[in-house]
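Here my numbering is used: the first residue of the sequence shown is 4, the next is one more, and so on. All C-beta atoms in this analysis are idealised placements derived from N, C-alpha and C, irrespective of residue type, glycine included. Values in this document were obtained by computation on a predicted structure and should not be read as measured data. One structure is given here, and the rest of the page talks about it.
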Amino acid sequence: MAKIPEIDRNKCNGCGLCVGVCSCQALVLVDNTVEVREKRECHQCTRWCTMCEMVCPTGAIQCPFEVVTEE
């Protein structure tokens, strides 16, 4: 089973930046905090881009996987 981004609701400020960059539209704002729509939707993102983690200004999103590239 693929892993999905983990969201720390205590750190999330509800800015929505992660929602805007999520290419598979797996993230949504609910009551000023980010949630994963459905786990199966997040699995559609085959690139594991980690953009949501990179744009989060508060560090509320952690992607529990490592992106490995070949040289």
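Of the choices CYS27, THR36, GLY62 and ASN13, whose alpha-carbon is the least far from that of CYS52?
CYS27
Evaluate GLY62 with the Cβ neighbour count: other Cβ atoms within 10 Å of its Cβ, from every protein chain shown; 16 or more gives buried, anything less gives exposed.
exposed
By how many angstroms is the C-alpha of MET54 removed from the C-alpha of GLU74?
21 Å
Can you look up GLU9 in the DSSP assignment and give me helix, strand or coil?
strand
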